[in-house]
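Chemist: In this note's numbering, the protein residues as written are 49 to 344.
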Amino acid sequence: MAARPRIGLALGSGGARGWCHLGALAALEDMGIRPDVVAGCSMGALVGAAEAGGKRAELQDWALDLTQTKFLGLVDLQLSAGGLVAGKQIANVLGQWGLDCAISDLALPFTAVATNLETGREVWLQHGRLLPAVRASLSIPGVFTPSYLDGRWLVDGGLTNPVPVSVCRAAGADVVLSINPNGKAEGRVWQPSEELGVIEQLHQQLSESLPEGWLPKPPPRGPVPPQGFDVVSSSLDMLTDYLRRTRMAADPADVALDICLPDLTVLEFFRAEESINAGRAAIEAQAEQIARVCKI
């Protein structure tokens with residue numbers, strides 16, 4: 049019988065859609081597949097760190113318990129620092145389960161991917177403290193403030209390597225399974241919504257707590273334009289999808305999973321259940337191929 053290959057997991061960016069990684073990892077575990085190497089970008093870094101540290105179940109329980117009210121309580125607005133949200137609370141959630149540690153202390157080799165804001169080059173965070181590395185990888189431009197780490201301003205790794213297959217290869221993986229939370233229906237990047245987005249809800253809450261006239265009035269009703277955050281999110285989706293396809297053409301994963309969650313925005317962290325279910329379903333749909341390449 050052939051020796052079991054060294055398995056790498058490349059967990060892609062996607063904001064709240066990245067909760068799908070939790071469902072995918074649980075389904076892989078049910079199949080008897082455990083990774084030997086984990087690389088994550090943005091939300092993939094958060095989930096990947098929990099996996100590498102043996103705390104995935106705790107993170108999943110926390111995510112499923114996260115309501116919209118609880119999420120808004122985590123939002124640490126910081127409007128003057130290059131983003132709407134400081135983001136420390138979300139990254140630091142790992143600390144409550146003992147993962148405020150060095151990356152080298154994790155049970156599995158782990159890399160968080162970020163982007164150097166000054167040079168535009170990807171940065172592989174494989175040493176030093178775990179939580180700052182995850183926070184840097186999570187820095188969605190325009191949403192979370194950039195992270196200052198080791199003398200560099202870092203932003204979301206999705207800008208340079210949205211599904212880090214190459215990192216797993218470099219870490220010695222024989223087989224790479226990649227998970228892209230940003231799968232799109234053909235020809236569709238953005239679609240209008242009748243509901244207020246998370247950023248707009250924050251604006252509404254703020255306006256209700258301030259004296260009349262402190263914030264500008266909303267525009268008159270008419271054709272509803274894309275909401276401000278929708279424009280940022282959809283633009284990033286276009287960029288990262290093009291970059292992902294370009295990089296995959298040069299260095300494809302052995303099994304590439306694209307998970308389509310068109311109705312879930314990147315900040316709706318309180319909708320974890322549907323994302324987790326989608327991740328599990330994606331693994332189950334390709335279980336035969338995954339078992340074949342992983343030799344189980």
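Here a beta-carbon is modelled for each residue, glycine too, at the ideal position from N, C-alpha and C.
Please return the same chain residues whose Cβ sits closer than 8 Å to the Cβ of E321, not counting the five positions on each side in sequence.
Modeler: So the list reads L112, once near-sequence residues are dropped.
Chemist: Sort out for me which residues DSSP pairs N228 with in a bridge.
Modeler: According to DSSP, N228 bridges with D306.
Chemist: What separation, rounded to the nearest whole angstrom, lies between the Cα atoms of N209 and P229?
Modeler: So the alpha carbons of these two residues sit roughly 14 Å apart.
Chemist: According to the neighbour-count rule (16 or more other Cβ atoms, all chains shown, within 10 Å of its Cβ), is G199 buried or exposed?
Modeler: G199 should be labelled exposed.
Chemist: What does the alpha-carbon distance come out to for the pair V191 and R104?
Modeler: The straight-line gap from Cα to Cα measures roughly 25 Å.
Chemist: Judging by CA-CA distance, which residue of A301, I324 and A333 is the nearest neighbour of L312?
Modeler: When only C-alpha atoms are compared, the closest one is I324.
Chemist: Check whether the Cβ atoms of A75 and I344 lie closer than 8 Å to each other.
Modeler: No, the Cβ-Cβ distance between A75 and I344 is not below 8 Å.
Chemist: Taking the alpha helix (DSSP H) that N325 falls in, what are its first and last residues?
Modeler: N325 -> alpha helix (DSSP H) spans A320 to A333.
Chemist: Give me the Cα-Cα distance between A335 and V86, rounded to the nearest whole angstrom.
Modeler: Their backbone Cα atoms lie some 20 Å apart in a straight line.
Chemist: Would the stretch 162-172 count as touching the stretch 136-146 if we require 3 or more Cβ pairs under 8 Å?
Modeler: No, the stretch 162-172 is not in contact with the stretch 136-146.
Chemist: On the criterion of 16 or more Cβ atoms from any shown chain inside 10 Å, does G327 qualify as buried, or is it exposed?
Modeler: Buried, because 16 or more other Cβ atoms sit within 10 Å of the Cβ of G327.
Chemist: In whole angstroms, what separates the C-alpha of M296 from that of G231?
Modeler: Between M296 and G231, the C-alpha separation is close to 14 Å.
Chemist: With DSSP as the reference, identify every bridge partner of S107, one or two as the case may be.
Modeler: The sequence given here places Leu at residue 107; Ser does not occur at that position. Bridge partners of L107: none, in fact.
Chemist: Quick check on the burial criterion: 16 or more other C-beta atoms within 10 angstroms. Buried or exposed for R183?
Modeler: Under this definition R183 is a buried residue.
Chemist: Just to check my reading of the structure: A160 and A93 have Cβ atoms closer than 8 Å, yes? What is that Cβ distance to the nearest angstrom?
Modeler: Contact flag correct, Cβ pair sits at about 4 Å.
Chemist: Which value, in whole angstroms, describes the spacing of the CA atoms of D222 and G80?
Modeler: Roughly 17 Å between the two C-alpha positions.
Chemist: Do you know whose CA, among C342, L305, I227 and L291, lies nearest G60's CA?
Modeler: Taking only the C-alpha atoms, the option nearest G60 is I227.
Chemist: So does W145 have its beta carbon nearer than 7 Å to some heavy atom of the ligand PLP?
Modeler: For the structure depicted, the ligand PLP is absent and the ligand set is empty, with no information on it obtainable.
Chemist: Could you pull out every residue in the same chain whose Cβ sits closer than 6 Å to the Cβ of F119, ignoring the five residues on either side in sequence?
Modeler: Here the set comprises F317 and F318.
Chemist: Spatial neighbours of V303 within its chain, please: CB distance less than 7 Å, with the 5 preceding and 5 following residues excluded, ordered by chain position.
Modeler: Cβ neighbours of V303 beyond the five flanking positions: L225, Q334, Q337, I338 and V341.
Chemist: In this structure, what does DSSP give as the bridge partners for G55?
Modeler: As written in the sequence, residue 55 is Ile, which differs from the Gly given in the question. In DSSP, I55 forms a bridge with V223.
Chemist: From A219 to S90, what does the alpha carbon distance come to, in whole angstroms?
Modeler: One C-alpha to the other measures close to 19 Å.
Chemist: Anyone know if the C-beta pair for L156 and P83 falls short of 8 Å?
Modeler: Contact flag set, yes.
Chemist: On the DSSP letters alone, give me the boundaries of the alpha helix (DSSP H) that R217 sits inside.
Modeler: V213 to A218 is the extent of the alpha helix (DSSP H) around R217.
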